[in-house]
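A.B. asks: Residue 4 is where the sequence shown starts when you use our numbering, and the numbers rise one by one after that. Ideal Cβ placement from N, Cα and C applies to all residues, glycine included. Fair warning: this is a prediction, and the values are worked out from it, not measured in the lab.
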Amino acid sequence: MSQKIKNPNEKGSGFVVGLIALLAVVAVVIGGVIYIGRSQPIEGLPDEDVDFSVALDGDVIRLSKDGAEGAKTATIFEDFSCHYCAQMSEEGHDDELKALNDGKLVAEYRTLNFLDGQEKEQRDGHSTRVFAVARKIAETGDARAYWNFRTMMMADQQNSVTWSDDELADRLEQLGVADEIVSEVRSGIDTTEAKASANANFDDLEKRLGKVSSPHVFVDGKDILENISGDGGLGQWVKVALR
Numbered sequence: 004m005s006q007k008i009k010n011p012n013e014k015g016s017g018f019v020v021g022l023i024a025l026l027a028v029v030a031v032v033i034g035g036v037i038y039i040g041r042s043q044p045i046e047g048l049p050d051e052d053v054d055f056s057v058a059l060d061g062d063v064i065r066l067s068k069d070g071a072e073g074a075k076t077a078t079i080f081e082d083f084s085c086h087y088c089a090q091m092s093e094e095g096h097d098d099e100l101k102a103l104n105d106g107k108l109v110a111e112y113r114t115l116n117f118l119d120g121q122e123k124e125q126r127d128g129h130s131t132r133v134f135a136v137a138r139k140i141a142e143t144g145d146a147r148a149y150w151n152f153r154t155m156m157m158a159d160q161q162n163s164v165t166w167s168d169d170e171l172a173d174r175l176e177q178l179g180v181a182d183e184i185v186s187e188v189r190s191g192i193d194t195t196e197a198k199a200s201a202n203a204n205f206d207d208l209e210k211r212l213g214k215v216s217s218p219h220v221f222v223d224g225k226d227i228l229e230n231i232s233g234d235g236g237l238g239q240w241v242k243v244a245l246r
């Protein structure tokens, strides 16, 4: 009677097949967790409607209502890493939004990045990255997305410094930012133009004041923040600008 001789590798082959199947299941589970995580809404994101336009004009991001006559123009120098800039943005938020929607204010933002480092050519940190995104959004003309993006970055300034490209991109996606910008951010946005623009704004402010710091708001050639403490603090900047 013949006896069947077993392949000595049969048991090992079965183990390998089982291991491959297990790894495939793990990969699917991990992919599902990542997908579910990205599809979950992130709480606390700003969601405001606006009735004004946004435009990128050289080194300036301009917020203005179409057809508004007699509006005051405020030139604002700020850095996305500046604590006082965030304070001014948050405390003056409602006044600024109303003045823009009512066509009483034109806000011209000249963004800086000096808090990324001392040497101009080496500045490529948080401030520069956020400015690069801001420029891209402004270039699309989506005022609602721009306003909510800027609000988010100022309101969550301390935490946003630690956001990865994916974490920032996830938030942009929920804010309704254009898909191509979300993709750029997710893969690491090019900051070349933002650096050059921030340097130009640095030079502009230095010519005006002989030094660079932030924030500063110029109306009719005068820095209205010079004595802002006597007017109630940074949150009153819009009221002072509209006088």
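(1) Give the straight-line distance between the Cα atoms of V220 and W240, rounded to the nearest whole angstrom.
(2) Can you tell me whether DSSP reads K225 as helix, strand or coil?
(3) Check this for me: beta carbons of V222 and A77, under 8 Å apart or not?
(4) Determine the closest residue to H86 out of E46, G144, L118 and L59, with distance taken between C-alpha atoms.
(5) Buried or exposed: G95, going by 16 or more other Cβ atoms within 10 Å of its Cβ?
(6) Under three-state DSSP, which class holds T114?
(7) Looking at the secondary structure, which residues open and close the alpha helix (DSSP H) in which V215 lies?
(8) Just the C-alpha distance for E111 and N162, rounded to the nearest angstrom, thanks.
(9) Tell me, to the nearest whole angstrom, how far the beta carbon of K3 is from that of T131; I am working on the premise that it is less than 8 Å.
(10) What are the uninterrupted segments assigned as alpha helix (DSSP H) that are 4 or more residues long and contained completely in the segment 155-205, given in chain order?
(11) Just grab the DSSP bridge partners of D60 for me.
C.D. replies: The relevant details are as follows:
(1) 8 Å
(2) strand
(3) yes
(4) L118
(5) buried
(6) strand
(7) Where V215 is concerned, there is no enclosing alpha helix (DSSP H), given that its DSSP letter is neither H nor E.
(8) 26 Å
(9) With the chain covering 4 to 246 only, the question about residue 3 has no answer from this structure.
(10) 160-163, 168-178 and 182-189
(11) V63
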